[in-house]
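Chains as they are written, first to last, in our numbering: chain H, 32 to 162; chain R, 32 to 162. Structure record follows, encoded as structure tokens.
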DNA sequence: CAGGTTATATGTAAATCACATATATATGAT
DNA sequence: ATCATATATATGTGATTTACATATAACCTG
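What follows is the structure in structure tokens.
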């Protein structure tokens with residue numbers, strides 16, 4: 032019930048190599064602002080992006096980031112409800128976040144180039160939000 | 032020797048969920064302009080994007096698109112050298128290309144939001160190309 | 001004929017993705 | 001009391017994707 036693949040035109044799936052995602056830098060940016068636990072991060076991602084990530088993969092991703100040393104975690108048992116594993120970004124994590132940003136700027140440039148090329152060939156399908 | 036992972040900061044790989052790619056819509060857009068064979072498409076992708084796709088995966092992707100009915104192919108034996116499988120986009124392929132564009136516009140918007148958020152938090156790392 | 005270019009294709013280990021499922025604590029409803 | 005729901009973390013798994021290696025074959029050049 033979580034992360035169903037978005038279906039842009041209601042009729043066609045964008046099968047194959049997916050562009051959407053980049054969960055890891057988004058997690059790092061969220062954690063750069065303040066420490067948080069998994070459930071909180073899941074909510075934040077879902078808000079940005081109507082379909083975030085399913086809990087299973089989110090927690091696995093966080094553990095992966097921890098294994099790589101980009102974040103560190105500790106248990107928070109001071110709150111009512113089940114214990115929370117609270118994550119913090121590390122200095123290595125900050126470095127990776129900055130590296131990701133460079134990559135993401137490159138991807139955005141390539142998407143722009145693709146869209147310009149597309150719109151030159153299909154002017155009837157130009158974006159309406161175009162200035 | 033083909034598609035080595037780009038290493039944005041020379042020191043850090045953007046490991047995990049990759050953003051770059053979207054080979055399928057780029058192939059469809061190229062084929063929307065004119066029919067072409069695999070090797071030609073590989074060159075075109077490499078030109079846009081210094082590291083295109085390795086031949087193995089490119090040919091497999093093309094066969095996949097054909098299986099889904101987005102392109103069709105026929106052998107061209109009129110030229111010297113090895114025979115070429117020439118691909119053409121189909122009407123279904125055009126429909127998928129248009130669907131991909133909607134998805135890619137959404138991804139670009141989300142990348143923009145991410146970068147705006149990042150730059151608000153790290154103003155010292157703002158893009159220099161910013162107007 | 002040896003070596004390089006053009007051209008297409010298969011093999012494969014590792015990573016990723018989407019989805020299902022398990023576990024446990026607390027709260028609110030009946 | 002018990003049942004459902006929300007909160008919170010975690011494992012299992014089949015299918016797909018990725019990166020890279022390798023195979024095959026026609027043609028050209030020296």
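Every residue, glycine too, gets a C-beta built ideally from N, C-alpha and C.
Which of helix, strand or coil DSSP assigns to residue i
{"i": "residue 45 of chain H", "result": "The pLDDT assigned to residue 45 of chain H is 41, lower than 50, so where the model puts this residue is not dependable; a value taken from the coordinates is nonetheless given after this. In this structure, residue 45 of chain H counts as coil in the three-state DSSP scheme."}
{"i": "residue 140 of chain H", "result": "helix"}
{"i": "residue 114 of chain R", "result": "coil"}
{"i": "residue 181 of chain H", "result": "Here chain H has residues from 32 to 162 only, and residue 181 of chain H is not among them."}
{"i": "residue 122 of chain R", "result": "helix"}
{"i": "residue 107 of chain H", "result": "strand"}
Short Cβ contact (7 Å threshold) for residue i with residue j
{"i": "residue 100 of chain H", "j": "residue 132 of chain H", "result": "no"}
{"i": "residue 62 of chain H", "j": "residue 118 of chain H", "result": "yes"}
{"i": "residue 135 of chain H", "j": "residue 59 of chain H", "result": "no"}
{"i": "residue 93 of chain R", "j": "residue 69 of chain R", "result": "yes"}
{"i": "residue 116 of chain R", "j": "residue 103 of chain R", "result": "no"}
Within chain H, the residues that residue i reaches when beta carbons sit closer than 7 Å
{"i": "residue 149 of chain R", "result": "60, 132"}
Proximal residues of chain R, C-beta to C-beta of residue i below 7 Å
{"i": "residue 135 of chain H", "result": "50, 142, 145, 146"}
{"i": "residue 57 of chain H", "result": "145"}
{"i": "residue 159 of chain H", "result": "Near residue 159 of chain H there are no residues of chain R at all, since even the closest Cβ is about 10 Å away, more than 7 Å."}
Distance cut-off 6 Å: residue i Cβ against heavy atoms of the ligand MN
{"i": "residue 156 of chain R", "result": "Absence of the ligand MN from the depicted structure is noted, as is the absence of any ligand whatsoever, leaving it without description."}
Contacts of residue i in chain H (Cβ-Cβ under 9 Å)
{"i": "residue 152 of chain R", "result": "60, 63, 64"}
{"i": "residue 110 of chain R", "result": "Neighbours of residue 110 of chain R on chain H: none; closest Cβ ~26 Å, over 9 Å."}
Nearest-angstrom Cβ-Cβ length linking residue i and residue j, presumed shorter than 8 Å
{"i": "residue 55 of chain R", "j": "residue 96 of chain R", "result": "7 Å"}
{"i": "residue 138 of chain H", "j": "residue 142 of chain R", "result": "7 Å"}
{"i": "residue 76 of chain H", "j": "residue 91 of chain H", "result": "Not a contact, Cβ separation roughly 14 Å."}
{"i": "residue 144 of chain H", "j": "residue 144 of chain R", "result": "That pair is no contact at about 20 Å."}
{"i": "residue 152 of chain H", "j": "residue 64 of chain R", "result": "6 Å"}
Contacts of residue i in chain H (Cβ-Cβ under 8 Å)
{"i": "residue 71 of chain R", "result": "Here the premise fails: no neighbours, minimum Cβ distance about 17 Å."}
{"i": "residue 97 of chain R", "result": "Per Cβ cutoff of 8 Å: no residues; residue 97 of chain R is ~13 Å from chain H at best."}
Interface residues of chain R facing residue i [CB-CB closer than 9 Å]
{"i": "residue 78 of chain H", "result": "In chain order: nothing, as chain R lies at least about 11 Å away."}
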